[in-house]
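Numbering (our numbering), first residue to last: 2 to 235.
Contents: one structure, followed by commentary.
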C-alpha cells in the first residue's frame with residue numbers, strides 16, 4: 002500500500018481541490034497518516050490493520066478482493082462522522098483508506114496476480130513461496146525508496162511537518178487509538194526520514210517514479226470523487 006509521503010501528497014491535493022471544506026489542516030494531515038499507526042499496537046497482527054482501514058469480512062490483509070464493499074465501509078464511516086468535531090481528522094483518515102482501496106484495485110492486486118504472489122507464500126516457507134514472496138519484498142522495497150526520495154525532494158514537506166507538529170492525536174475506539182497515532186506522528190517527524198541517504202531508484206522496475214506520480218494523480222481523482230459523492234466538494 003502507499004507509504005507516508007504518498008498519502009500526505011494525496012491529502013494535500015484533496016485539500017487544495019476540496020472547495021474549502023477542510024477546517025484544520027493539522028488534523029486532516031494527521032488523519033491521513035493515522036490508519037498505519039496500528040503498527041504501533043502491542044501484539045500487532047494483520048487483523049488489526051483490517052480494522053484500522055475499515056475492512057470487513059474474512060479475507061486477509063493485502064489479499065482483499067471486495068473493493069466496492071471496502072469503499073462503501075469508508076463512505077459510511079465518512080457520512081457517520083460528517084458533523085463530528087473531529088470531521089477534519091476523519092476526512093484525512095478516509096482519504097488514506099480510500100487511496101489504499103484504489104491502490105489495492107489498480108496496483109497491488111494486478112501486481113500480485115501477475116507475479117503469482119499468494120498469502121500462503123508469506124505464511125509458509127518453501128522455495129516457490131520464497132521466490133514469489135520475493136517479488137512482494139522487492140515491490141515494498143521500491144515503494145519505501147520512493148517514499149524516502151519524496152520526503153527529500155517534495156517542496157511541501159516542511160509544511161506537512163509543521164502541520165503534523167501542531168496536530169492532536171485522538172481515539173477512534175475499536176479502530177485506532179491516540180497513543181498509537183502519537184507514536185506514529187513522532188516517529189515520522191523525528192526518526193523515519195532522519196539521516197537517510199538519497200536513494201537511487203533508476204533501476205526500479207516494479208514501482209517507478211513515473212508510476213508513483215501517475216498513481217498520486219489517479220488516486221487523488223478517485224478519492225475526491227468519493228468525498229464529493231458523500232456530501233462534500235464542488
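Ideal Cβ positions, reconstructed from N, Cα and C, are used throughout, including at glycine.
Do you know how far the Cα of residue j is from the Cα of residue i?
| i | j | result |
| --- | --- | --- |
| residue 143 | residue 14 | 23 Å |
| residue 206 | residue 220 | 20 Å |
| residue 1 | residue 175 | With the chain covering 2 to 235 only, the question about residue 1 has no answer from this structure. |
| residue 183 | residue 170 | 6 Å |
| residue 118 | residue 223 | 26 Å |
| residue 236 | residue 51 | Look at the range of the chain in this structure, 2 to 235, and you will see that residue 236 is not part of it. |
| residue 196 | residue 16 | 29 Å |
| residue 111 | residue 56 | 19 Å |
| residue 201 | residue 149 | 10 Å |
| residue 173 | residue 91 | 9 Å |
| residue 62 | residue 47 | 6 Å |
| residue 210 | residue 114 | 22 Å |
| residue 7 | residue 100 | 9 Å |
| residue 21 | residue 11 | 16 Å |
| residue 76 | residue 3 | 20 Å |
| residue 214 | residue 157 | 15 Å |
| residue 179 | residue 35 | 9 Å |
| residue 58 | residue 49 | 13 Å |
| residue 86 | residue 135 | 44 Å |
| residue 45 | residue 155 | 31 Å |
| residue 139 | residue 84 | 42 Å |
| residue 1 | residue 145 | Residue 1 cannot be examined here, being either before or after the span of the chain that is shown, 2 to 235. |
| residue 9 | residue 42 | 22 Å |
| residue 203 | residue 141 | 16 Å |
Quick test of your reading: residue i and residue j, contact by CB under 8 Å. State the CB separation rounded to the nearest angstrom.
| i | j | result |
| --- | --- | --- |
| residue 216 | residue 108 | 6 Å |
| residue 165 | residue 31 | 6 Å |
| residue 105 | residue 65 | 6 Å |
| residue 69 | residue 185 | Wrong, their Cβ atoms sit about 29 Å apart, outside the cutoff. |
| residue 93 | residue 33 | 4 Å |
| residue 177 | residue 25 | No, residue 177 and residue 25 are not in contact; Cβ-Cβ is about 18 Å, not under 8 Å. |
| residue 19 | residue 190 | Not quite, the Cβ-Cβ distance comes to about 25 Å (not below 8 Å), so this is no contact. |
How far does the alpha helix (DSSP H) with residue i in it extend, from its first residue to its last?
| i | result |
| --- | --- |
| residue 89 | 88–104 |
| residue 214 | 210–230 |
| residue 49 | 47–53 |
| residue 60 | Counting along the chain, residue 60 falls outside any alpha helix (DSSP H), and DSSP gives it neither H nor E. |
| residue 109 | Run containing residue 109: none; DSSP gives neither H nor E here. |
| residue 1 | Outside the displayed range of the chain (2 to 235) lies residue 1, so it cannot be described from this structure. |
| residue 2 | Per DSSP, residue 2 belongs to no alpha helix (DSSP H) and is neither H nor E. |
| residue 78 | 68–81 |
| residue 162 | 158–166 |
Measuring only from the beta carbon, is residue i closer than 7 Å to any heavy atom that is part of the ligand GDP?
| i | result |
| --- | --- |
| residue 198 | Annotation note on the ligand GDP: not contained in the displayed structure, which lists no ligands. |
Mind checking who residue i pairs with in its DSSP beta bridge?
| i | result |
| --- | --- |
| residue 173 | 177 |
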